[in-house]
Amino acid sequence: MQVFVKRYIRWALLIVVLAIIISMGRNALGLFDRRDQIKEARERVEELEREQAQLLELKEKVESPEFVEKEAREKLGLAKPGEVVVVLPSEDILRRLAPKIEEEEFVEALPIWKRWARMFF
Numbered sequence: 003m004q005v006f007v008k009r010y011i012r013w014a015l016l017i018v019v020l021a022i023i024i025s026m027g028r029n030a031l032g033l034f035d036r037r038d039q040i041k042e043a044r045e046r047v048e049e050l051e052r053e054q055a056q057l058l059e060l061k062e063k064v065e066s067p068e069f070v071e072k073e074a075r076e077k078l079g080l081a082k083p084g085e086v087v088v089v090l091p092s093e094d095i096l097r098r099l100a101p102k103i104e105e106e107e108f109v110e111a112l113p114i115w116k117r118w119a120r121m122f123f
């Protein structure tokens, strides 16, 4: 009977040890996954911080008086007192209105004696 109890205790301890090892292995794998997730989250935070810095620069530029004046002049056609606004048509309209340049025929460079011969004969 004592032999049976010892075997039972050994098997029970073996099962408990295996369960602990499996549990620790799962926890270790979970730690590696979380570490990767933290790394990806940090990279995303850095990317968002760079984007935020760019947007803040753009905001400062847009709120500057020079930008506001430039936009008012270009898009709204406003001018300072005494200035005259000249509006030019777009590039494709200019191309349609401009006279077409006809391409000249390519004239072969003939030797002078052939040109004289053609002139007289």
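3 is the number of the first residue of the sequence shown in this note's numbering; add one for each residue after it. Built from N, CA and C at the ideal position, the CB exists for glycine as well. Being a predicted model, the structure only gives us computed values, none of them experimental.
Along the alpha helix (DSSP H) that carries lysine 61, what are the first and last residues, could you check? 4 to 65
Length of the line joining the Cα atoms of valine 86 and glutamate 71: Cα to Cα, the separation comes out at about 15 Å.
Ordered along the chain, which non-local residues of its own chain (more than five positions away) have a Cβ less than 7 Å from that of alanine 74? Leu80
Taking Cβ to Cβ, would you say phenylalanine 69 is nearer than 7 Å to lysine 61? no
Alanine 111 by DSSP, collapsed to three states: which one? coil
Closer than 6 Å: isoleucine 17 CB and nearest the ligand FAD heavy atom: By its list of ligands, the structure shown contains no ligand whatsoever, and the ligand FAD lies outside what it can speak to.
Could you name the residues of the same chain whose beta carbon sits closer than 7 Å to that of glutamine 56, not counting the 5 residues immediately before and after it, in chain order? none
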